[in-house]
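Asker: In our numbering, the protein residues as written are 178 to 332. Take this structure first; my questions come after.
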C-alpha cells in the first residue's frame with residue numbers, strides 16, 4: 178500500500194515519503210480518544226510511552242525535512258524534535274493549537290477535564306507479568322462497544 182501511495186504522489190508531482198510501521202499492536206498504552214489525548218499530553222510533558230515518542234519523532238522528522246529548512250538529515254531532524262519535546266516547546270505549541278481551535282488549554286494541567294467513558298471494565302490479570310502481544314483490532318472493537326465518552330459538561 179505504501180508503494181502505491183508513494184507512486185500516486187510522485188505521479189502527481191508531489192514530494193512524498195512513506196514510513197512502514199508495525200500497527201498490528203497498539204501504540205502506547207491507552208485505547209479511546211480521550212485516553213489517547215491524555216497519553217499524548219503526557220508524551221508532550223516527557224512522560225509518555227517510548228514507542229509513541231519514537232513514532233511521532235520519526236514522522237515529524239519527515240515533515241521537518243519537507244520544510245526545506247536548515248536540517249537535511251533524518252537523524253538530525255529526530256534529534257531536533259526530541260529537544261523540542263523535552264524542553265517544553267512542543268507542549269507550548271500544543272497549548273497554542275488548543276487555544277486557536279477554541280479548546281480549553283487548562284486540560285494540559287488538569288487531565289481530569291478530559292471526558293471519561295460512561296462504562297468502564299476492569300480486566301484483572303490472572304497473574305503478574307508483562308503483556309507482550311494482544312489483538313489490537315479486538316481491543317478497538319471492545320472500546321467501540323462501550324460507546325461514546327461522557328463530556329464533562331454533560332456529566
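Beta carbons are placed, not taken as given, at the ideal position from N, Cα and C, and that holds for glycine.
1) Is the segment 261 to 280 touching the segment 209 to 229, taking contact as three or more C-beta pairs under 8 Å?
2) At the level of alpha carbons, what is the spacing between residue 241 and residue 260?
3) So is residue 207 buried or exposed if we call it buried at 16+ other beta carbons inside 10 Å?
4) Determine the direct distance from the alpha carbon of residue 258 to that of residue 247, and round the result to whole angstroms.
5) Assuming the contact rule is C-beta atoms closer than 8 Å, residue 291 and residue 214 should be a hit. Round their C-beta distance to whole Å, please.
6) Between residue 209 and the rest of its own chain, which residues show a CB-CB distance below 6 Å, the 5 nearest in sequence each way excluded?
7) State buried or exposed for residue 330, treating a residue as buried only when at least 16 other CB atoms are found within 10 Å of its CB.
8) Does DSSP put residue 294 in a helix, a strand or coil?
9) Taking the alpha-carbon positions, what's the residue 281 to residue 275 distance?
10) Within a Cβ cutoff of 7 Å, which residues of the same chain sit near residue 186, ignoring the five residues on either side of it in sequence?
11) According to DSSP, is residue 191 part of a helix, a strand, or is it coil?
12) What's the gap between the Cα of residue 332 and the Cα of residue 277?
13) Go through the segment 200 to 272 residue by residue and report every complete run of the alpha helix (DSSP H) that reaches 4 residues or more, in order.
14) Would you decide whether residue 308 is buried or exposed? Buried here means 16 or more other CB atoms lie within 10 Å of its CB.
Answerer: In brief:
1) Yes, they touch.
2) Spanning the two alpha carbons is a distance of roughly 13 Å.
3) Buried, since its Cβ has 16 or more Cβ neighbours within 10 Å.
4) Taken atom to atom, the span from the alpha-carbon of residue 247 to that of residue 258 is near 14 Å.
5) About 6 Å; that satisfies the 8 Å criterion.
6) Excluding sequence positions up to five before and after residue 209, its CB lies within less than 6 Å of the CB of 320, all in the same chain and listed in chain order.
7) Confidence in residue 330 is poor, its pLDDT being 47 and thus under 50, which makes the residue's placement unreliable; the coordinate value appears in the next sentence. Counting Cβ neighbours within 10 Å, residue 330 comes out exposed, since fewer than 16 surround it.
8) Looking at residue 294 - three-state DSSP - the assignment turns out to be strand.
9) Rounded to whole angstroms, the separation of the alpha carbons of residue 275 and residue 281 is 7 Å.
10) For residue 186, where only same-chain residues beyond five positions count, the Cβ hits under 7 Å are 193.
11) Residue state, collapsed to three classes: coil.
12) Any answer about residue 332 is weak, because its pLDDT of 39 lies below 50 and its placement is not dependable; what the coordinates show is given next. Here the C-alpha atom of residue 332 lies approximately 26 Å from the C-alpha atom of residue 277.
13) Here the runs fully enclosed are 210 to 221, 227 to 243, 251 to 263.
14) Result: exposed.
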